[in-house]
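Participant:
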Amino acid sequence: MSDLWPRIEPLLASVERPARYIDREWGALHPIDPDYRVALVYPDAYELGMANQALSILYERLAAIPGVAPERAFVPWRDMAEQLRGNDVPLFTLESCTPVGEVDLLGITLPYEMTYSNILEILDLAGIPLRSDDRSDSDPLVFGGGPCAFNPEPVAPFFDAILIGDGEEAIAEIVATHRAGRAAGASRSAILAALAGVSGVYVPSMYDMTSGVAVGRDGAPDRVTKRVLADLDSVRPPVSPIVPFMDVVHDRMTIEVLRGCSRGCRFCQAGMVYRPVRERSSDNIVRDVLAGLWCSGHEEVSLTSLSTADHSQLEDILRRLSRRLEGSGISVSLPSLRVDAFSVDMARMLGGGRKTGLTFAPEAGTQRLRDVINKNVTEEQLLATVHKAFSAGWHRIKLYFMIGLPTETDEDVRGIGALVQKVLDTARESVEPAKRGGIRISVSVSTFVPKSHTPFQWDAQVTPEEVRRRQEVLRGSMPKRGVDLSWHASGVSFLEGVFARGGRELADVIEHAWRAGARYDAWTEEFDLGRWISALEACGVDPSRIASRERDTGEPLPWGHIDVGLSVAYLRIERERAREAITTPDCTFDECTGCGVCPTLGVDVILGGGGRE
Ligand code: SF4
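The numbering of the sequence shown is our numbering, which starts it at 113 and goes up by one.
#1: Can the beta-carbon of residue 202 be found closer than 8 Å to that of residue 213?
#2: Residues bridged to residue 354 by DSSP?
#3: Using 8 Å for Cβ pairs, my map puts residue 360 next to residue 163. What's the rounded Cβ distance?
#4: Would you decide whether residue 327 is buried or exposed? Buried here means 16 or more other CB atoms lie within 10 Å of its CB.
#5: State buried or exposed for residue 722, treating a residue as buried only when at least 16 other CB atoms are found within 10 Å of its CB.
#6: For my contact list, residue 392 and residue 369 are in at a C-beta cut-off of 8 Å; report their separation, rounded to the angstrom.
#7: Just checking residue 388 against the ligand SF4 - is the residue's beta carbon closer than 7 Å to any of the ligand's heavy atoms?
#8: Exposed or buried, which one is residue 199 when buried takes at least 16 other CB atoms within 10 Å?
#9: Start and end of the beta strand (DSSP E) containing residue 415?
#10: Compare the Cα-Cα distances from residue 353 to each of 562, 175, 594 and 624 and report the closest residue.
#11: With distances taken between CB atoms, is the gap from residue 495 to residue 538 smaller than 8 Å?
#12: To the nearest angstrom, how far is the alpha carbon of residue 196 from that of residue 125?
#13: Please report the distance separating the alpha-carbon of residue 502 from that of residue 531.
#14: Compute the minimum distance between the beta carbon of residue 373 and the heavy atoms of the ligand SF4, and state whether it is under 7 Å.
#15: Give me the DSSP bridge partner(s) of residue 475.
#16: Find out if the Cβ-Cβ distance for the pair residue 129, residue 318 is shorter than 8 Å.
#17: What does DSSP give as the partner residues of residue 365 in its beta bridges?
#18: I believe residue 408 touches residue 389 by the beta-carbon criterion, under 8 Å. Please report the beta-carbon distance rounded to the nearest angstrom.
#19: Are residue 676 and residue 565 touching if we call contact CB-CB under 8 Å?
#20: Should the segment 275-289 be regarded as contacting the segment 306-314, the criterion being three or more beta carbon pairs within less than 8 Å?
#21: Using a C-beta cutoff of 8 Å, does residue 498 count as contacting chain C?
#22: Starting from residue 556, follow the beta strand (DSSP E) in both directions and report where the run begins and ends.
#23: Measuring CB atoms only, is the segment 612-630 touching the segment 141-149, in the sense that at least three cross pairs come out at less than 8 Å?
#24: When every heavy atom of the ligand SF4 is checked, does at least one fall within less than 7 Å of the C-beta of residue 699?
#25: Roughly how many angstroms separate the alpha carbons of residue 269 and residue 616, rounded to a whole number?
#26: Can you tell me whether DSSP reads residue 637 as helix, strand or coil?
#27: Suppose the cutoff is 6 Å on Cβ atoms and the five residues either side in sequence are ignored; what does the same chain contact list for residue 432 look like?
#28: Compute the Euclidean distance between the alpha carbons of residue 737 and residue 687, then round it to the nearest angstrom.
#29: Quick check: what's the CA-CA separation for residue 97 versus residue 252?
#30: Counting along the chain, where does the beta strand (DSSP E) carrying residue 598 start and finish?
#31: State the Cα-Cα distance for the pair residue 477 and residue 534, rounded to the nearest angstrom.
#32: Just verifying my parser: in three-state terms, what is the DSSP assignment at residue 266?
#33: Just to confirm my understanding: we take residue 474, look at its own chain, exclude 5 residues before and 5 after, and list those with CB closer than 6 Å. What are they?
#34: Alpha carbon to alpha carbon, how far is residue 114 from residue 427?
#35: Please name the residue in 529, 637, 644 and 634 whose C-alpha comes closest to that of residue 591.
#36: State yes or no: is the C-beta of residue 603 within less than 8 Å of the C-beta of residue 552?
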């Protein structure tokens, strides 16, 4: 393996943030004499990638396999990419400065749709052919995986294989299959055929998509069922995380306490595709938090999940951690809170006197629309929670809403402003008159993007023009003082919607836009909608047919061959219930609502999670 360091070091003086490109951070691993290298590549900048939990989980899992060296690479910022190209230096891994094109396995995370152009930047800088069909036996195996894998088609031609679902157990099987194939002298196509037999692995080149319905060839299954780690306690979370030299987006230790969510919010793809709910035990969480803090020196730990407040043992965990961490200056944080008084009590317990970070997500402004999306939060609950928070000393909270939800009317949009006014009034009534002037409510409003595998997967996305009109209605409805309002750019949401529900035809569009300069599209200052519209036109793809059209529920869908365990009948019923504004209860503490995940995936039906109110 080549060591590119002597050629990389001279470039660092002329780029921004050179710490993005150097190794030897605390916790980075350097196995001696590995015979198999894996480059885990996050398709965005170092400071975002280093906050990604999946990357650190896979890094530790790979390190446990004898002879395997896990290494990391990130997308170089434009200045570094220019230096690399100008000096004919390929993309390299941080740990050993090995060219990414020389590793055995290249694993690229698919965290969000707006990173798709960066996938091509990675492959091109690594000197790897962009399309799987053009690669030879000497190229690394290019694997994908992550949240966007649940509709992999827009990027499918760029990958040799894509893992659908949880990676903790599958990664060792993938490495073993690849190693065994190579030891036997198997060709690249024979190795891919063997990988198609690994549970959860999708090999795009083995599917005929011409009829609009995926048909597996040469033994590939017609439907690929997602991989599920049935017991979260069976795999220890990373307790010796890499500690970056530079600031990263979440500069703290993270421990995943819960996977999946059974609340059934109809807009939420993660809540649907990561079912069923699996908890890590409180004993293991407390043990691993303490071990991780000891190893990393972090001063904050975040207990992460889609809905951490739903962990049945959360009170016990927080009480034990508070006791063990008392006087250490270390704080515990939760990424999201339920809209209830208990959440405020928890925030008080965690904050140790500090009054930061209270965020709630009512999502919609009227009860009717909250019922449509199955967000079981009432105005009374929200106002009671606000009263409790401001009475307890908070003077600022953040609220998340969406516009563009199915069935939304202008009355619903104005309902956001009316609800924020009530929140403001309640907050003011809850504090002494002298403190009322300091009250601020941050209101963040995103645009709803229908996603695959949700009850709204057939719905039309609101057009960018209509989004901009509704944003003006929203602005007009907001209280004039005491509120900081922000929203997402309509063009970004539109393109996200195209990628979220498009098919393989989008691969040409992505390549066209990348060749025209698209990079870092998730960064506002880098995003250029005009470049993408030109690429869509050049490739003859009508984006409104993908994003803005209501689909028939019997129509074949580009992700129809990806089986996350949910039954289509359940999604149709949930869609009907949404139309009638009928809510569906949470199956963890009520009865099974028949989504199909537990029986399909062979998991015991989860009932009576306990501890939840
Ligand atoms: S099968 Fe039933 S218990 Fe299991 S996740 Fe679905 S609704 Fe919940």
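Each residue gets a CB set at the ideal place from its N, CA and C atoms; glycine is no exception.
Facilitator: Taking the structure as given:
#1: Translated into positions along the sequence shown, residue 202 becomes position 90. Translated into positions along the sequence shown, residue 213 becomes position 101. Taking 8 Å as the cut-off, the Cβ atoms of residue 202 and residue 213 count as close.
#2: By one-based count along the sequence shown, residue 354 stands at place 242. Residue 354 is not bridged to any residue.
#3: Looking up residue 360 in the sequence shown gives position 248. Looking up residue 163 in the sequence shown gives position 51. The Cβ separation is near 5 Å, so the contact holds.
#4: Residue numbering aside, residue 327 sits at position 215 when the sequence shown is read from its first letter. It is exposed - the Cβ of residue 327 has fewer than 16 other Cβ atoms within 10 Å.
#5: The count along the sequence shown starts at 1 and reaches residue 722 at position 610. Per-residue confidence for residue 722 stands at a pLDDT of 38, beneath the threshold of 50, marking its modelled position as unreliable; no derived number is given.
#6: Your numbering for residue 392 matches position 280 in the sequence shown. Your numbering for residue 369 matches position 257 in the sequence shown. With a Cβ gap of about 5 Å, residue 392 and residue 369 count as contacting.
#7: Taking the sequence shown and counting its residues from 1, one reaches residue 388 at position 276. Yes, Cβ of residue 388 sits closer than 7 Å to a heavy atom of the ligand SF4.
#8: Residue mapping note: residue 199 aligns to position 87 of the sequence shown, counting from 1. Residue 199 should be labelled exposed.
#9: Position 303 of the sequence shown, counted from the first residue, corresponds to residue 415. 412-416 is the span of the beta strand (DSSP E), which, as asked, contains residue 415.
#10: In the sequence shown, residue 353 corresponds to position 241, counting from 1. Closest option to residue 353, judged by alpha-carbon separation, among 562, 175, 594 and 624: 175.
#11: By 1-based counting over the sequence shown, the position of residue 495 is 383. By 1-based counting over the sequence shown, the position of residue 538 is 426. A contact, by the Cβ cut-off of 8 Å.
#12: Taking the sequence shown and counting its residues from 1, the one referred to as residue 196 is at position 84. Taking the sequence shown and counting its residues from 1, the one referred to as residue 125 is at position 13. C-alpha separation (whole angstroms): 13 Å.
#13: Here residue 502 refers to the residue found at position 390 of the sequence shown. Here residue 531 refers to the residue found at position 419 of the sequence shown. Those two C-alpha atoms are separated by around 16 Å.
#14: As a first step, residue 373 is located in the sequence shown; it is residue number 261 there, counting from the start. Answer for residue 373: no, Cβ out of range of the ligand SF4.
#15: Against the sequence shown, residue 475 aligns to sequence position 363. Residue 475 pairs with 513.
#16: The count along the sequence shown starts at 1 and reaches residue 129 at position 17. The count along the sequence shown starts at 1 and reaches residue 318 at position 206. No, Cβ-Cβ distance for residue 129 and residue 318 is not below 8 Å.
#17: Walking along the sequence shown from the start, residue 365 turns up at place 253. According to DSSP, residue 365 bridges with 413.
#18: By one-based count along the sequence shown, residue 408 stands at place 296. By one-based count along the sequence shown, residue 389 stands at place 277. Rounded, the Cβ-Cβ distance is 28 Å, inconsistent with contact.
#19: Your numbering for residue 676 matches position 564 in the sequence shown. Your numbering for residue 565 matches position 453 in the sequence shown. Yes, the pair counts as a contact, with Cβ atoms nearer than the cut-off.
#20: yes
#21: Annotation note: the requested chain C is absent from the structure, which comprises a single protein chain.
#22: Here residue 556 refers to the residue found at position 444 when the sequence shown is read from its first residue. Counting along the chain, the beta strand (DSSP E) containing residue 556 begins and ends at 552-559.
#23: no
#24: As a first step, residue 699 is located in the sequence shown; it is residue number 587 there, counting from the start. Within the cutoff, so yes.
#25: Sequence index remark: in the sequence shown, residue 269 carries index 157 (1-based). Sequence index remark: in the sequence shown, residue 616 carries index 504 (1-based). Answer to the nearest angstrom: the Cα atoms are 8 Å apart.
#26: In the sequence shown, the residue the question calls residue 637 occupies position 525. In the structure shown, residue 637 sits in coil (DSSP, three-state: anything other than H, G, I, E or B).
#27: One-based indexing of the sequence shown puts residue 432 at position 320. Only 398 meet the Cβ criterion.
#28: The question about residue 737 has no answer, for the chain in this structure spans 113 to 725.
#29: The question about residue 97 has no answer here: the residues shown for the chain are numbered 113 through 725.
#30: As a first step, residue 598 must be located in the sequence shown, where it is residue number 486. Run containing residue 598: 595-599, per the beta strand (DSSP E) assignment.
#31: The sequence position of residue 477 within the sequence shown is 365, counting from 1. The sequence position of residue 534 within the sequence shown is 422, counting from 1. Each residue's alpha carbon lies about 11 Å from the other.
#32: The residue labelled residue 266 in the question sits at position 154 within the sequence shown. Here residue 266 sits in helix by DSSP.
#33: Looking up residue 474 in the sequence shown gives position 362. Non-local C-beta neighbours of residue 474 in its own chain, meaning closer than 6 Å and more than five positions away in sequence, comprise 489 and 494, ordered along the chain.
#34: The sequence position of residue 114 within the sequence shown is 2, counting from 1. The sequence position of residue 427 within the sequence shown is 315, counting from 1. Using only the alpha carbons, I get a separation of about 52 Å.
#35: The sequence position of residue 591 within the sequence shown is 479, counting from 1. Comparing Cα positions, the closest option is 529.
#36: Position 491 of the sequence shown, counting from 1, holds the residue named residue 603. Position 440 of the sequence shown, counting from 1, holds the residue named residue 552. Result no, Cβ atoms of residue 603 and residue 552 do not sit closer than 8 Å.
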